[in-house]
Amino acid sequence: MPQPGPLLGCIADDFTGATDLAATLVGNGMRTVQLIGVPDAGDAVPDADAIVVALKSRTTPAAQAVADSRAALAWLRRAGCRQYFFKYCSTFDSTPAGNIGPVADALVSDLDCGFALACPAFPTNRRTVYQGHLFVGAVLLNESGMEHHPLTPMTDANLVRVLSRQTDGTVGLVAFATVEQGAAVIRDAMTALKEQGRRYAIVDAVTDGHLRAIGAAAAAHPLVTGGSGVAIGLPANFRAGGMLPERPDSAALPAVSGHAAILAGSCSRATLGQIAAARSHLPTLELDPLATPNAAQLADQARAWLDGRLGSAPVLIAASAPPDRVAELQRRLGRDAAGALVEQALAAIAGELAARGVRRLVVAGGETAGAVVTQLGVRSLRIGPEIDPGVPWTHAEGRLPPMWLALKSGNFGAPDFFLKAFTAQEDAR
Ligand code: ADP
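Letter by letter, the sequence shown follows residues 51 to 479 in the numbering used here.
This is the structure in structure tokens:
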């Protein structure tokens with residue numbers, strides 16, 4: 051029963067969200083490849099059950115987010131996907147101008163499907179939806195700290211209202227009492243809402259059991275929208291339909307051999323703790339951008355330090371610093387210039403590491419990871435085993451020889467993340 055091409059085509063509104071979704075799909079038995087940015091028309095379709103196109107469309111102007119998302123959808127349709135998924139944040143990060151509503155409107159229109167469910171719930175991360183209201187742990191979204199988010203302040207937890215402000219369509223609710231009754235009842239409730247002319251249904255979900263039932267109820271929906279949580283129910287539909295074989299090896303990656311390294315540009319508390327835990331175990335270079343506020347010179351320091359150091363153990367190179375030192379560099383150079391300087395240095399060092407035969411690289415920091423991926427010319431990541439929740443090893447293809455990359459958003463990972471990343475990898479081989 052081998053299926054001829056990808057089944058699920060996904061569009062994610064940011065990079066780490068895309069990886070989170072991809073890891074969820076791999077965990078539920080779909081071989082998954084993440085593509086960075088809208089693929090070119092001539093790009094080969096990867097051999098995978100699911101493809102996740104990672105966009106940067108969460109906070110771009112709505113027109114740009116819509117254009118990129120439509121281009122991604124068109125590419126995924128040409129690739130022959132059977133169902134489409136629009137992934138946004140489990141805290142529904144958006145403003146009255148978008149971009150969840152405008153992008154979903156465009157996808158519904160292009161797929162001519164008239165309706166899509168919307169469910170950001172992610173119970174594992176304590177995001178639940180009850181009576182249409184989004185909770186973060188025990189508090190409503192608008193009391194969770196998200197009301198102060200610099201770009202997408204969430205001041206209303208009622209998702210029916212929030213989404214209604216972003217669309218010219220209308221929004222209904224499939225509430226908890228219906229969801230509790232299982233897939234068939236949820237499916238009928240969504241069909242009824244569609245027949246009443248609703249374009250969207252916010253669907254309550256408090257447990258993974260609810261998410262699986264919602265996934266089953268959406269088996270025939272051309273478009274599903276939500277957080278990564280609601281995707282846990284979708285692979286089973288393809289298996290039930292005879293399109294997806296059992297894949298005990300969905301997280302298998304092509305082997306690579308070479309040196310190993312860690313590059314840290316995140317200054318989050320979690321990353322600083324991970325550096326502290328690794329420092330006494332691994333050869334470690336801590337760059338000081340305050341003493342050397344020059345990207346080329348920082349990269350030169352790393353080059354000199356690397357001579358003779360790449361061997362069997364991973365090396366750690368970090369620019370990370372505690373808040374007072376970060377603030378000082380920002381005060382001297384300006385916030386953006388300080389960030390860009392360090393990102394440039396770390397990207398150059400990543401290029402150097404690859405040139406010197408590093409083939410397994412952990413990168414800490416979302417923006418840092420973006421700079422590294424751009425420098426290495428990486429366009430495609432095959433998703434492998436998770437090191438910690440939300441951070442899988444990936445097999446990267448691009449300009450340089452294939453490498454394994456683990457791209458860690460700053461706050462993710464346990465204190466021993468840098469040490470266990472390579473142990474977990476040995477286990478996965
Ligand atoms: P996170 O995922 O923790 O937010 P990012 O990589 O997205 O990490 O952001 C961290 C930012 O801090 C990057 O722009 C990085 O270049 C910058 N940075 C790293 N080290 C320093 C430092 N010592 N001083 C100032 N800025 C730094």
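Positions of the beta carbon are idealized from the N, C-alpha and C atoms, including for glycine.
In the DSSP assignment, Arg132 falls outside any alpha helix (DSSP H) and carries neither an H nor an E. Per DSSP, Lys106 lies in no beta strand (DSSP E) and is assigned neither H nor E.
Arg410: member of the beta strand (DSSP E) spanning Val408 to Ala414, first to last residue. When DSSP states are grouped into helix, strand and coil, Asp438 belongs to the strand group.
About 4 Å separates the beta carbons of Gly55 and Gly130, which is inside the 8 Å limit, making them a contact pair. Contact annotation, Leu335 with Ala346: C-beta distance approximately 16 Å; criterion of less than 8 Å not satisfied. In this structure, Val88 lies near Val103, with their beta-carbon atoms less than 8 Å apart. In the DSSP assignment, Thr321 falls within the alpha helix (DSSP H) that extends over Arg319 to Arg329.
In the structure shown, Ser119 falls within a helical segment according to DSSP collapsed to helix, strand and coil.
The three-state secondary structure of Phe462, taken from DSSP, is coil.
Between Trp454 and Arg409 the beta-carbon gap is near 7 Å, inside 8 Å, which marks them as a contact. The nearest non-hydrogen atom of the ligand ADP is 7 Å or more from the C-beta of Thr334.
The ligand ADP has no heavy atom closer than 7 Å to the beta-carbon of Arg108.
Within the stretch 224-256, the complete alpha helix (DSSP H) runs of at least 4 residues fall at 226-229 and 233-245. Close CB contacts of Ser214 within its chain, under the 8 Å cut and outside five residues either way in sequence, are with Thr220 and Val221 (chain order). Distance from the Cα of Ser107 is smallest, within the candidate group Gln324, Pro96, Ala147 and Arg81, for Ala147. By the C-beta criterion, the stretch 127-144 is judged to be in contact with the stretch 275-288, since at least 3 inter-stretch pairs fall below 8 Å. One Cα belongs to Lys470, the other to Leu294, and the distance between them is close to 32 Å. Take Val428, set aside five residues on each side of it, and the residues of its chain with a beta-carbon closer than 6 Å to its own are Ala446 and Gly448, in chain order.
As computed with DSSP, His309 is found in a beta bridge with Val408. Taking the Cα positions, Ala251 is about 12 Å away from Gly164. Scanning its chain for C-beta atoms nearer than 6 Å, with the 5 sequence neighbours on each side dropped, one finds around Ala327 the residues Pro465 and Asp466, in chain order.
Under the three-state reduction of DSSP output, Gly315 falls in the coil class, being neither helix nor strand. With a cutoff of 8 Å on beta-carbon distance, Leu126 and Ala281 are scored as not near each other. Between Leu396 and Ala369, the C-beta spacing is below 8 Å. Ala68 and Pro200 have their C-alpha atoms spaced approximately 21 Å apart. Our two residues, Leu411 and Leu450, have alpha carbons roughly 13 Å apart in a direct line.
By the neighbour-count definition (other C-beta atoms within 10 Å, threshold 16), Asn344 is an exposed residue. DSSP, read as helix, strand or coil, puts Met453 in strand. When secondary structure is reduced to three states using DSSP, Arg289 falls in the helix class. A distance below 6 Å between beta-carbons, with the five flanking residues on each side excluded, links Gly415 to the following residues of its chain, in chain order: Gly315, Ser316 and Gly460.
The beta carbons of Ser140 and Pro170 sit closer together than 8 Å. Annotation: the continuous alpha helix (DSSP H) that includes Val210 extends over Leu209 to Ser214.
Out of Arg329, Thr74, Val229 and Ala94, the CA that lies nearest to the CA of Ser300 is found in Thr74. C-alpha of Ile399 to C-alpha of Ala349: approximately 6 Å in a straight line. Taking non-hydrogen atoms of the ligand ADP into account, the C-beta of Leu426 is found less than 7 Å away from none of them.
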